[in-house]
Every structure is written in structure tokens, then in C-alpha cells.
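In this note's numbering, the protein residues as written are 30 to 295.
Note that the Cβ used here is the ideal one computed from N, Cα and C, for glycine as well.
The structure appears right after this line, and notes come after that.
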Ligand code: GLY
Ligand code: MN
Ligand code: MN
């Protein structure tokens, strides 16, 4: 059901916290030499540590241009590379309830100028979307608010001709319900107290796009899980930082996950 009972919220919050901690541990462990598969493994290792039984949906871990592929689940690039972004959309399933959290981080710990411009624009769009996650608003209020910010920003950066220009850089909605399913059932009615939704704007600029090639290969999605309350939106996935400078700060912290000293194999 769309409106979650207290015992359901408890399980959902646990799944979301586990997923956010997975993102944080990955931010600390990230190195340019790591593979996408290994990065996926770090998240899923954390899930298992907390007793999450499954992943809620096939994990999406895409570095560089792979981030532009919306349901990229191969996760098999041997090195995430130096100077790329990596988009990581994963969710733990805990006792049947599924989180859905995306973070996009620079593989070497520091955003380039262009990456930061796009990242901060998606962040701004997400903030605008989250602000609409209020009782009584229409289901598409979050997507509309995020889309408006993205269109304006893309025009300002010269990536599209005007904020009304047709484009395909944000080709999906920004919201769905979560619960027993990652895309939980909904009748697309107005938001009500104790619904839990995602707000997940993104900008994807694949190689070969019709814009300056300095933007090519940049793909950013930021996805958080939001509880709708009488007091306004509550970001349940707030354990994982979202601001670009806070991500860079988290990435400077050491990680034991780089220190396994496993034997080498051919
Ligand atoms: N991970 C699927 C979604 O974000 O909707
Ligand atoms: Mn989602
Ligand atoms: Mn997702």
C-alpha cells in the first residue's frame, strides 16, 4: 500500500540506512583502479554485514559514459578510470522492504569543473523536487519542479539552446513510491502522510551529444528516499552526503576495504 504503517516504516528506514552506509563506505574505498564489479561488491558487502537478505533490484554501477545507460547492470568495466564520474544506484532489501539510493561521485575524489557544474545543477533540481514532496501535492509535482531547474540550468550552460528546447538529457521521471517493491504500487494520486517516495533527477550527456564535447560522458543522478509528513519532507537517506563538497570530504577518509592484501592470482 502507498501509506506505510509504523512497522513498515521501521523496516524501510533500516533498508535505507543500510544503503546509505553502503554509499559512504564506497566513497571512502573508491580508487581509479577499481573495477565496476568491485565497487558493486563493496555496497553489497555492507548490505550483508547488516543482514540485508537481498538487493532490492539489480545494482547499477556505471563509470564514465556507462552512467548514461539508464538500466546498466553489466557493471563490468575493468577500471573505473581516473577523472570519470561513477553513478551508483543500489538498494538493500531488508526483511522484504527495499531502499533505492543513488550517488554519483568522482572516481579520483575530486570533481572537475564541468562535472561539478552538472552535479550542482542536479543537486539544485533535487532540492526543488524534494521541496514539493508535501501533503496534497500532485504526484508529478516533484518531477516538474526538478525539470524546470534542469532546463534552465542546461540553457544557461549552453548545452541546450533555450529552457524550452526539446532535449533528452533528463529522460525519466523523478519520483516513484518504494516499499515491498522498488517501484511500489501507486494510483498516482496526491501525496499523503507516511508515503515514501524517491526524488531522483539526473542529467546524462552521452559521448557524441549535440553540445561542446567537454560535457561528453558526464552522467549524474542523485536519488534519495523521502518520507512525506505533516511537517514536510524528511530525507530518510540523509546519512549519505549529497553536496559535492561533502562527497569530496567523505572520499578523503581512509577505508579498510582497500587493505585486504589478498594473494595475487593469474
Ligand atoms: N533503481 C531503479 C530506480 O531508480 O527507479
Ligand atoms: Mn528510483
Ligand atoms: Mn534507483
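| Check | Outcome |
| --- | --- |
| Through-space distance from residue 235 to residue 181, alpha-carbon basis | 20 Å |
| Alpha carbon of residue 75 to alpha carbon of residue 121, nearest angstrom | 9 Å |
| Close beta carbons around residue 178, own chain, < 6 Å, minus the five adjacent residues each side | 153, 154 and 157 |
| CB contact below 9 Å: residue 44 versus chain C | Chain labels in this structure do not include chain C; a single protein chain is all it has. |
| Distance cut-off 8 Å: residue 158 Cβ against heavy atoms of ligand 1 | no |
| Cutoff 6 Å; reference residue 85; Cβ partners in own chain excluding five residues on either side | 120, 122, 127 and 211 |
| Span separating the alpha-carbon of residue 70 from that of residue 104 | 10 Å |
| Where residue 118 sits in the DSSP three-state scheme | strand |
| Heavy atom of ligand 2 within 8 Å of residue 141 beta-carbon | no |
| Residue 223 to residue 256 span [Cα, whole Å] | 6 Å |
| Three-state secondary structure assigned by DSSP to residue 249 | strand |
| Whole beta strand (DSSP E) elements within the region 155-211, 3-residue minimum | none |
| Quiz: which residues have CB nearer than 7 Å to ligand 1 non-hydrogen atoms | 86, 89, 118, 120, 129, 131, 205, 211, 212, 227, 229 and 252 |
| C-beta contact flag for residue 357 and residue 196 at 9 Å | An answer regarding residue 357 cannot be provided, because it is not within the stretch 30 to 295 covered by the chain. |
| Own chain partners of residue 266 with C-beta closer than 6 Å, once the 5 adjacent residues on each side are dropped | 45, 49, 130, 253 and 254 |
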